[in-house]
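Numbered according to my numbering, the sequence shown spans residues 5 to 213. Glycine included, every Cβ here is placed at the ideal spot set by N, Cα and C. For reference, the structure discussed in these notes is given below.
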Amino acid sequence: MGSSNRLFNRQRTVYEILGGGLVADVMLWRRGNLTVGILFVTLAAWVVFEKSGYTLLSLVSSVLLLLIVILFLWAKSAAILNRPAPPLPELYLSEEMVNEVGAFIRAHLNDMLSVSQDIALGKDARLFFKVVAYLMLISVLGGLTDFLTLGYTSLVVLLTVPALYERYENFIDSYVIIGCRKMQQLYMKFDSKFVNKIRKWILERQKLS
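Listed below in structure tokens is the structure:
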């Protein structure tokens, strides 16, 4: 399938777009045992939260308390019995790691603020309608379910949709491209009938004032 017939005219494969590393292997089920393990662990966590009445804060606190008590008793008993101490990794954040994380967060926040400014100033009508649609979708989903269920469902989607898309890529791309072309035609009609009229009305009002 040529790049012109691919979604967004992309040149890279799905595996390359996802980074080509461990994350891509997990999302595309190339490490099936690890993917299944993640799904089962998250399912178990979801059941614990939903059925036991635990909150995230109370569960994390209980697990940390149990872990600290076990390590403390292990270290004390090892010192008394002349046994090796618990094998703990070095708990240390290097300056380089902190700078990399800070730069990553700053870059993405600046991108988000730039996009928000363009939307607020009316520079990109298409982006405005996309953001409105996404926010409305999130609002509807938030009203239908709770945060934990939404998080687990999102994880299941992340671990199934990319793999299914990679398997049926040609079939999906052809139909999505046809749908996008029809949506673009509808948007152009909407823009010419309504958005342009609103812009002209605003400009006329500004000239009169």
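Which term fits residue 96, buried or exposed, when burial requires 16 or more other beta carbons within 10 angstroms of its beta carbon? exposed
By the DSSP assignment, the alpha helix (DSSP H) with residue 96 in it spans what residues? It is not in any alpha helix (DSSP H) - residue 96 carries neither H nor E in the DSSP assignment.
Helix, strand or coil at residue 15 according to DSSP, with G and I counted as helix: Annotated three-state conformation of residue 15 is coil, per DSSP.
Residue 157 (DSSP reduced to helix, strand or coil): helix
Rounded to the nearest angstrom, what separates residue 123 and residue 192 at their Cα positions? 19 Å
Measuring CB to CB, does residue 79 end up less than 9 Å from residue 91? no
With a cut-off of 8 Å on the beta carbons, I'd call residue 167 and residue 31 a contact; round off their distance for me. 7 Å
Alpha helix (DSSP H) containing residue 78: first to last residue? Residues 60-85.
Could you spell out where the alpha helix (DSSP H) holding residue 39 opens and where it closes? Note, residue 39: alpha helix (DSSP H), 36-56.
The alpha helix (DSSP H) with residue 198 in it runs from where to where? Per DSSP, residue 198 belongs to no alpha helix (DSSP H) and is neither H nor E.
CA-CA distance, residue 21 and residue 33? 15 Å
Is it true that the CB of residue 170 sits closer than 9 Å to the CB of residue 18? yes
State whether the region 50-65 contacts the region 150-159, with contact taken as three or more CB pairs (one from each stretch) at a distance under 8 Å. yes
Residue burial classification, residue 82 (beta-carbon count within 10 angstroms, cutoff 16): With fewer than 16 Cβ atoms within 10 Å of its Cβ, residue 82 is classed as exposed.
What ranges does the alpha helix (DSSP H) occupy inside the region 136-187, keeping only unbroken runs of at least 4 residues that lie completely in it? DSSP runs (the alpha helix (DSSP H)) wholly in the region 136-187: 151-162 and 165-171.
On the CB-based measure, 16 or more other CB atoms within 10 Å of its CB, does residue 48 come out buried or exposed? exposed
Whole-angstrom distance between residue 68 and residue 36, CA atom to CA atom: 30 Å
Could you give the C-beta distance for residue 43 and residue 163, rounded to a whole number, given that I count them as a contact under 8 Å? 6 Å
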